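Enquirer:
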Amino acid sequence: MEEARQRAVEAAQKSYHNRTLRVKQMVEAWPPELTNPQLKERCVSRAAEMGFKPRSFKTKVVRLGLIAYDPKRKLWVNRCLPCPG
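Letter by letter, the sequence shown follows residues -18 to 66 of the numbering used here.
What follows is the structure, given as structure tokens:
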């Protein structure tokens, strides 16, 4: 019984990790800065591809630290890209 549970936990961890990597690869293809409408458009289209709800997808990329909001410029910044310079 314990062995079956351990296998299930390992399978779930691999699945979660692979899904997170797919999300990161998607965000890496986005431009360095996004406006709110641009982010919403991308979240709607990508969420459908991955089986997320759009708001859930946006929450996931923010929680993982892949994008961040810059209130001074009022833009979303893609944190997956290397810093210029």
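C-beta atoms are modelled at their ideal positions from N, C-alpha and C, and glycine is treated no differently. Source: prediction; values computed, not measured.
Would you identify the three-state DSSP class for Y(-11), choosing helix, strand or coil?
Expert: Sequence inspection shows Ala at residue -11; the Tyr mentioned does not correspond to that position. Looking at A(-11) - three-state DSSP - the assignment turns out to be helix.
Enquirer: Leaving aside the five residues before and after C24 along the sequence, list all residues of the same chain whose C-beta is less than 6 Å from its C-beta, in chain order.
Expert: P35, F38, K39.
Enquirer: Return the CA-CA distance between A(-15) and N(-1), expressed in angstroms with no decimal places.
Expert: In a straight line, the C-alpha of A(-15) is about 21 Å away from that of N(-1).
Enquirer: Since E14 sits in a beta bridge, which residues does DSSP pair it with?
Expert: Its beta-bridge partners are V58.
Enquirer: Hey, out of L62, A49, T16, F33, whose CA is closest to T1's CA?
Expert: Considering only alpha carbons, the answer is F33.
Enquirer: Anyone know if the C-beta pair for V43 and P13 falls short of 8 Å?
Expert: Result no, Cβ atoms of V43 and P13 do not sit closer than 8 Å.
Enquirer: Can you tell which of C61, L62, L56 has the C-alpha that lies nearest to the C-alpha of L15?
Expert: Checking every option, the nearest Cα to that of L15 belongs to L56.
Enquirer: Go through its chain and collect everything with a Cβ distance to M31's Cβ below 6 Å, but skip five positions before and after it.
Expert: So the list is empty, once near-sequence residues are dropped.
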